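Chemist: First residue of the sequence shown: 1, per full-length UniProt numbering; consecutive thereafter.
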Amino acid sequence: MIEILNPTLLDRARDTGALVADILHTLKGRSTVGTNLLDIDRWAKEMILDAGATSCYVDYAPSFGRGPFGHYICTAVNDAVLHGRPRNQTLADGDLLTLDLAVSLGGVAADAAISFLVGEARPEESVKLIDTTERALAAGIAAAGPGARIGDLSHAIGTVLKEAGYRVNTEFGGHGIGSTMHQDPHVPNTGRPGRGYPLRPGLLLALEPWVMADTATLVTDDDGWTLRSATGCRTAHSEHTIAITEDGAEILTLPTRA
1 MIEILNPTLL DRARDTGALV ADILHTLKGR STVGTNLLDI DRWAKEMILD AGATSCYVDY
61 APSFGRGPFG HYICTAVNDA VLHGRPRNQT LADGDLLTLD LAVSLGGVAA DAAISFLVGE
121 ARPEESVKLI DTTERALAAG IAAAGPGARI GDLSHAIGTV LKEAGYRVNT EFGGHGIGST
181 MHQDPHVPNT GRPGRGYPLR PGLLLALEPW VMADTATLVT DDDGWTLRSA TGCRTAHSEH
241 TIAITEDGAE ILTLPTRA
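(1) What residue does the beta strand (DSSP E) around residue 35 start on, and which one ends it?
(2) Taking only three categories from DSSP, how would you classify residue 239?
(3) When you compare only the Cα positions, how much space is there between residue 211 and residue 236?
(4) What does a CB cutoff of less than 8 Å around residue 195 pick up in its chain, not counting 5 residues either side in sequence?
(5) Cutting at 8 Å between CB atoms, please list the residues of its own chain near residue 217, excluding the five before and the five after it.
(6) So, at 7 Å on beta carbons, what are the nonlocal neighbours of residue 24 in its own chain, with the 5 sequence-adjacent residues on each side left out?
(7) Report the option in 243, 76 and 192 whose CA atom is closest to the CA atom of residue 95.
(8) Taking residue 153 as part of the alpha helix (DSSP H), name the residues at either end of that continuous run.
(9) Between residue 179 and residue 145, what straight-line distance do the alpha-carbon atoms span, to the nearest angstrom?
(10) I'd like to know whether the C-beta atoms of residue 108 and residue 12 end up nearer to each other than 8 Å.
(11) Measure the alpha-carbon distance for residue 16 versus residue 159 and round it to whole angstroms.
(12) Nearest by alpha-carbon distance to residue 44: which of 61, 70 and 63 is it?
(13) Can you list, in chain order, the residues of its chain whose CB lies under 8 Å from that of residue 65, leaving out five sequence neighbours each side?
(14) By the DSSP assignment, the alpha helix (DSSP H) with residue 177 in it spans what residues?
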C-alpha cells in the first residue's frame, strides 16, 4: 500500500515527527555510562504514553521477527544494528548506541533513528560509521522531490556508503510510512537512478542508511529480533521521516529543542 497524505494528515505527521525527534533527543541525553537498556525502554514508554501516542513496536509481529516485539524502542549496541530488543545491559564508555523509534499520533506514524557514542571515548571507526550514515541520509533527502524516483534516492545513499568503503546490505532499508509504520515503496540503500516509483507530494518516506564496518552479512540473536554484524564488527544507523512537497522534501523528525 502506498498512501498520499492530504494537508490535514500532513500536519499530523509533522506533530508525530516532532514527538519522535524530541523523545530521541531526550533519550540521547539520558544515555550515559551505566545506563541500562531497559531503563531507556521505560523512559520511551513514559514519554510516548504521556503524549497520548502509541508505540508502533509493542505489538509489531512481522514475518522476520519472533512474535510481538514487546518493547517501545529499539536499542542496538556496537555490533547490533537493527531491531535491537532492549535487554538487561548497561552501557559502557565508548559504546556505539543506536536508538530507533516509531510512534503513531493522530493516526499518522513517524520513524527515526540516531547512532551516537556513549561517554568520552571516540573510537575512530565508530565516528566514521556514524558520520557516513548521516551523510548518506542527507544525500538521500537531497535527491528527494516530486518527479524523482526511488532509485534516485537509493543511488544517492549507496554512493556515499560505498565511497566510504562499506558494503551495502539490501535486505532492510527505507520504506513508505503513513497510517502504519511500514508501507510501500521499499527504499533500498543502493540502486540505479531513474528507476522505481515516482515521488509525489504528500508521500511520506522513512529513509534509513545503515552499515557494518567490515561485512554486509547479518545474524539474528536468540531473542529472534536483534540483528548483528556476522563478524562482530561495529555498526551505525541513521533515519529520518520525510514528506515529499511541491518543491522538494521536508524532514519531519527534527527535534524542536536543541
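Built from N, CA and C at the ideal position, the CB exists for glycine as well. Only a predicted model underlies this, so the values are computations on that prediction, with no experimental measurement involved.
Modeler: On the basis of the coordinates in this document:
(1) Counting from 1 along the sequence shown, the entry for residue 35 is found at position 35. Premise fails: residue 35 is in no beta strand (DSSP E) and is neither H nor E.
(2) Position 239 of the sequence shown holds residue 239. Here residue 239 sits in strand by DSSP.
(3) The residue given as residue 211 occupies position 211 in the sequence shown. The residue given as residue 236 occupies position 236 in the sequence shown. The straight-line gap from Cα to Cα measures roughly 6 Å.
(4) Taking the first residue of the sequence shown as position 1, residue 195 is located at position 195. Result list for residue 195: 149, 150 and 151, in chain order.
(5) As a position in the sequence shown, residue 217 is number 217, starting the count at 1. Excluding residues within five positions, the ones whose Cβ falls inside 8 Å are 169, 229, 230 and 231.
(6) To locate residue 24, count along the sequence shown from 1; it is residue 24. The residues are 99, 101, 112 and 114.
(7) Residue 95 sits at position 95 when you count from the first residue of the sequence shown. Of the listed residues, the one whose Cα sits closest to residue 95 is 76.
(8) The sequence position of residue 153 within the sequence shown is 153, counting from 1. Its alpha helix (DSSP H) spans residues 150–163.
(9) The count along the sequence shown starts at 1 and reaches residue 179 at position 179. The count along the sequence shown starts at 1 and reaches residue 145 at position 145. Across the structure, residue 179 and residue 145 are spaced so that their CA atoms are roughly 21 Å apart.
(10) As a first step, residue 108 must be located in the sequence shown, where it is residue number 108. As a first step, residue 12 must be located in the sequence shown, where it is residue number 12. Closer than 8 Å, so yes.
(11) The sequence position of residue 16 within the sequence shown is 16, counting from 1. The sequence position of residue 159 within the sequence shown is 159, counting from 1. In a straight line, the C-alpha of residue 16 is about 30 Å away from that of residue 159.
(12) Here residue 44 refers to the residue found at position 44 of the sequence shown. Closest by alpha carbon: 70.
(13) Here residue 65 corresponds to residue number 65 of the sequence shown, with the count starting at 1. Once the five neighbours on either side are set aside, the close Cβ partners of residue 65 are 83, 224 and 225.
(14) Locating residue 177 in the sequence shown gives position 177, where the first residue counts as 1. Where residue 177 is concerned, there is no enclosing alpha helix (DSSP H), given that its DSSP letter is neither H nor E.
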